[in-house]
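Numbering of the sequence shown is given in our numbering, commencing with residue -4 and proceeding in unit increments.
One structure is given here, and the rest of the page talks about it.
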Amino acid sequence: MASPTISPVASAPASSGPPNGTQLATYSFQLPNGYWAPLGLTAPTRAQLTNQSQLDIQYNGELYFGVNDQVLALPNNSVPTYQACANNNQIENGGLGLNAVRGTAFCVVEGRTIAGVEVGSVNDNPAYVVLNVTIWQYT
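Have a look at this one:
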């Protein structure tokens, strides 16, 4: 009796995640004056806001950014898009602060994602900003 023939099974290559430009999340949140927040795949919770350690973004009259984040300026009153962020070379110094006025738009490159952020509104009393955030895949 002939022995059965075993054919190798072709395996699919391991996926490295969604293609660049895939929208992973969109949300808005309030960032109180003096606090830092992470920019991730979900809106930061109140428990994630801190005035003790640097995260991705801080509101302190202006917007400041974590030391490991690359911040790219966009024209004011523009809507951040993946293409605008990915093709942008206007790197900002996050330590200097960006104006926190309605319509300020920028991108934050972090690891394998880009966050497009726009200031939706600014409140004076109590002081906070509303940030509109879209996260895209970026490798």
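We put the CB at the ideal spot given by N, CA and C, even for glycine.
If you're wondering where the values come from, they're calculated on a predicted model, not measured in any experiment.
Buried or exposed: which applies to proline 3, given that a residue is buried once 16 or more other Cβ atoms fall within 10 Å of its Cβ? The count along the sequence shown starts at 1 and reaches residue 3 at position 8. Only weak support exists for where proline 3 lies, its pLDDT of 45 falling under 50; the value from the coordinates is given anyway. Label assigned to proline 3: exposed.
Which value, in whole angstroms, describes the spacing of the CA atoms of threonine 37 and glutamine 78? For the purposes of this step, residue 37 is taken as the residue at position 42 of the sequence shown. For the purposes of this step, residue 78 is taken as the residue at position 83 of the sequence shown. Looking at the two C-alpha atoms, the distance is approximately 22 Å.
Practice prompt. Determine contact between the stretch 70 to 77 and the stretch 41 to 52, defined as no fewer than three beta-carbon pairs at a distance below 8 Å.
Written response: no
Out of curiosity, what's the CA-to-CA distance linking proline 14 and asparagine 120?
If you number the sequence shown from 1, residue 14 lands on position 19. If you number the sequence shown from 1, residue 120 lands on position 125. When rounded, the distance between both Cα atoms is 42 Å.
Between which two residues does the alpha helix (DSSP H) holding glutamine 163 run? This structure cannot speak to residue 163, because the chain is shown only from -4 to 134.
TODO: Hey, could you find the ends of the beta strand (DSSP E) alanine 122 is sitting in?
DONE: Against the sequence shown, residue 122 aligns to sequence position 127. Here the beta strand (DSSP E) through alanine 122 covers 122 to 132.
*Quick one, are the C-beta atoms of threonine 45 and tyrosine 30 less than 8 Å apart?*
By 1-based counting over the sequence shown, the position of residue 45 is 50. By 1-based counting over the sequence shown, the position of residue 30 is 35. Yes. Within cutoff.
Sheet register partners of aspartate 119 (DSSP bridge):
On the sequence shown, position 124 is the one that residue 119 refers to. DSSP lists Ala122 as partners of aspartate 119.
Item to complete: For alanine 68, name the three-state secondary structure that DSSP assigns.
Response: Taking the first residue of the sequence shown as position 1, residue 68 is located at position 73. Note: alanine 68 maps to strand in three-state DSSP.
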